[in-house]
Ligand SMILES: *Cc1c(COP(=O)(O)O)cnc(C)c1O
């Protein structure tokens with residue numbers, strides 16, 4: 010097959026990849042949500058994605074999101090997928106429906122406070138550093154289970170599930186144990202919570218098949234949809250927080 014050149018073609022290929030992986034796992038493809046990761050891409054690109062039926066978008070920098078989201082179609086839903094600093098919690102609470110990168114009780118507490126001020130509820134996912142990489146944010150798996158009751162006590166936050174960013178690997182099969190461990194950890198978190206945590210956010214452009222086979226309910230796809238990220242936007246953002254590029 011020729012390599013796809015339009016967003017519509019790339020989207021069709023990703024939908025095929027999702028469907029094939031779901032099929033292998035005996036799952037309904039409709040149980041896997043596709044998030045378009047729009048970081049470093051302009052509002053016009055978001056509009057194109059929305060026109061093709063995508064409505065879940067992910068951003069990992071608050072400054073960028075704050076400038077971009079107001080320019081995007083109102084139909085888009087937004088999740089924050091990066092490490093959140095407490096001085097950005099107010100903006101995050103105003104801009105996003107779900108914060109996927111919750112990596113401490115302190116940031117969750119601050120977010121809860123800001124959500125209360127805004128009179129809204131927020132969904133949260135706990136980012137787990139399954140492989141224990143020193144370069145990554147996220148909970149140690151055991152600490153995440155221990156934190157469940159305290160997180161659940163935050164009245165404005167809904168504990169929806171877990172997310173992880175697997176280590177980079179040229180062979181996605183190598184990171185299968187990471188995804189499996191996140192699924193197993195979710196079961197333990199649900200036990201502790203005494204309620205379902207429906208979302209398992211795992212899988213990106215290079216490893217979404219393996220993630221789906223291991224139970225992912227939400228794949229976060231940037232490069233495979235939009236191509237390589239332009240780095241131009243970064244120059245206009247001197248206050249960028251460190252994120253996973
Ligand atoms: C950038 C990013 C993605 C998308 O990665 P691709 O490999 O471009 O699909 C997914 N998740 C997070 C947390 C990211 O920062």
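In the working numbering, the protein residues as written are 10 to 254.
C-beta: ideal position from N, C-alpha, C; glycine also.
Asked, Found
"Pair every Cβ in the region 11-31 with every Cβ in the region 216-233, then say whether three or more of these pairs are closer than 8 Å.", "yes"
"Indicate the three-state DSSP secondary structure (helix, strand or coil) for residue 37 in the structure shown.", "coil"
"Judging by CA-CA distance, which residue of 22, 108 and 131 is the nearest neighbour of residue 164?", "131"
"Kindly list the residues whose CB is nearer than 7 Å to the CB of residue 108, restricted to its own chain and excluding five residues on each side of it in sequence; keep chain order.", "89, 93, 101, 120, 131 and 133"
"Could you work out which residue in 180, 218, 20 and 190 is closest to residue 171 when comparing CA atoms only?", "190"
"Name the residue from 51, 201 and 209 whose alpha carbon lies nearest to the alpha carbon of residue 135.", "209"
"In chain order, which beta strand (DSSP E) runs of at least 3 residues are fully inside the region 76-108?", "86-89"
"In angstroms with no decimal places, state the Cα-to-Cα distance between residue 159 and residue 166.", "11 Å"
"Where residue 36 and residue 169 are concerned, what is the direct C-alpha to C-alpha distance, given to the nearest angstrom?", "20 Å"
"Quick one: does the C-beta of residue 214 sit closer than 7 Å to a heavy atom of ligand 1?", "yes"
"Pop quiz: residue 66 and residue 98 are said to be a contact at Cβ under 8 Å. What is the actual Cβ separation, rounded to whole angstroms?", "With a Cβ gap of about 20 Å, residue 66 and residue 98 do not count as contacting."
"Between residue 96 and residue 207, what straight-line distance do the alpha-carbon atoms span, to the nearest angstrom?", "29 Å"
"For the alpha helix (DSSP H) containing residue 121, name the first residue and the last one.", "114-127"
"Grab me the residues of residue 161's own chain with a C-beta within less than 8 Å of its C-beta, minus the 5 sequence neighbours each way, in chain order.", "168 and 202"
"With a threshold of 7 Å, establish whether the CB of residue 187 neighbours any heavy atom of ligand 1.", "no"
"Compute the minimum distance between the beta carbon of residue 71 and the heavy atoms of ligand 1, and state whether it is under 7 Å.", "no"
"What's the call for residue 14, buried or exposed, on a 16-neighbour Cβ count within 10 Å?", "exposed"
"Let me know the secondary structure DSSP gives residue 31 once reduced to three states.", "helix"
"On the CB-based measure, 16 or more other CB atoms within 10 Å of its CB, does residue 48 come out buried or exposed?", "buried"
"Any heavy atom of ligand 1 closer than 7 Å to the Cβ of residue 232?", "yes"
"Going by beta carbon distance, what residues of the same chain come within less than 7 Å of residue 34, once the five residues before and after it are set aside?", "221 and 222"
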